[in-house]
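Numbers 1 to 247, taken from my numbering, label the letters of the sequence shown in order. For every residue, glycine included, the Cβ atom is placed at its ideal position computed from N, Cα and C.
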Amino acid sequence: MEINNPFKKTKWFLPLVFSILISSVLIIFTLFSAYPFHQKSIIQAKVPIFVESKLQVLAALPTTRLPRLAYLISGSRGDGETLKRTLKALYHPLNQYVVHLDLEASVEERLELVKFVGNEEVFVEVGNVRVVVRSNLVTYRGPTMVSNTLHAAAILLKEGGEWDWFINLSASDYPLVTQDDFLHTLSSIPRELNFIEHTSNIGWKEGHRAKPIIIDPGLYSLKKSDVFWVTEKRRVPTAYKLFTGEY
């Protein structure tokens, strides 16, 4: 008959408990000692993604490209020499230019402008100055002024290559800064921005500009005269919204 001996059980039970405790301590120690190294490795692995890569991209950015401007310089009778002066003051090889003397200027004056542009070596070499040979009759405050501007813009879009901003000037305008300084100032401005402040809240202009009907003699006559108003008024268009603005 076998008798259970409690001392015999204790003899093998205690070593088993100590072994489990020691093993647990070793495992926990190993995990905690390895965790900082593992964490450091993870951080180091992530650094190039969130820090190093950005620094490299910033370092690799090219020098900011200078903008390119497109100019329309318009004049009328007696503005030939003034227009030449303005063109020379505004000239820069990066820019594009359209010059226009309207039909009120004499044929000789318009031909002299064509000759001037054709004889300037830098204009010919760079090829960025264009003369509107088929001149338009432009009436101040009339739709012919708008059509002349759109005509020049169409020429620049078709033949002027890439440019960033369009500037409409008259022959009497003159720059206060050099084109190098001007282009440098604009170089940090996003190209999608413009300098036109506009709003659909036209206020008093609805009654004074939207509803009156004007006749522009430049649309049907070869002789320049001012626009004139008729007594009738029109309703504000409903097919599109009117905007007003300035630049």
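| Check | Outcome |
| --- | --- |
| Identity of the residue in Val129, Leu183, Ser170 nearest tyrosine 140 by Cα | Ser170 |
| Sufficient close CB pairs (3 or more, under 8 Å) joining the stretch 165–183 to the stretch 66–84 | yes |
| Helix, strand or coil at lysine 241 [DSSP, three-state] | coil |
| Buried or exposed (CB count within 10 angstroms, at least 16 for buried), alanine 154 | exposed |
| Integer-rounded CB distance, given that valine 138 should sit under 8 Å from aspartate 102 | 4 Å |
| Residue interval of the alpha helix (DSSP H) (run including leucine 113) | 107–119 |
| For glutamate 197, the nearest candidate out of Val131, Glu246, Glu120, Leu94 (CA to CA) | Glu246 |
| Pair within 8 Å by beta-carbon distance, proline 93 and asparagine 128 | yes |
| Cut-off 7 Å between Cβ atoms - residues of its own chain near lysine 40, not counting five sequence neighbours on either side | Bear in mind that a pLDDT of 47 at lysine 40, under 50, signals an unreliable position, so the model cannot answer this. |
| For proline 143, three-class secondary structure by DSSP | helix |
| Secondary structure, alpha helix (DSSP H): runs of 4+ residues fully inside the stretch 132–187 | 143–159, 179–186 |
| Residue from Ser23, Ile20, Pro67, Ile28 with nearest C-alpha to asparagine 194 | Pro67 |
| Integer-rounded CB distance, given that glutamate 206 should sit under 8 Å from valine 236 | 6 Å |
| DSSP-derived helix/strand/coil call for leucine 219 | helix |
| Through-space distance from glycine 218 to histidine 151, alpha-carbon basis | 15 Å |
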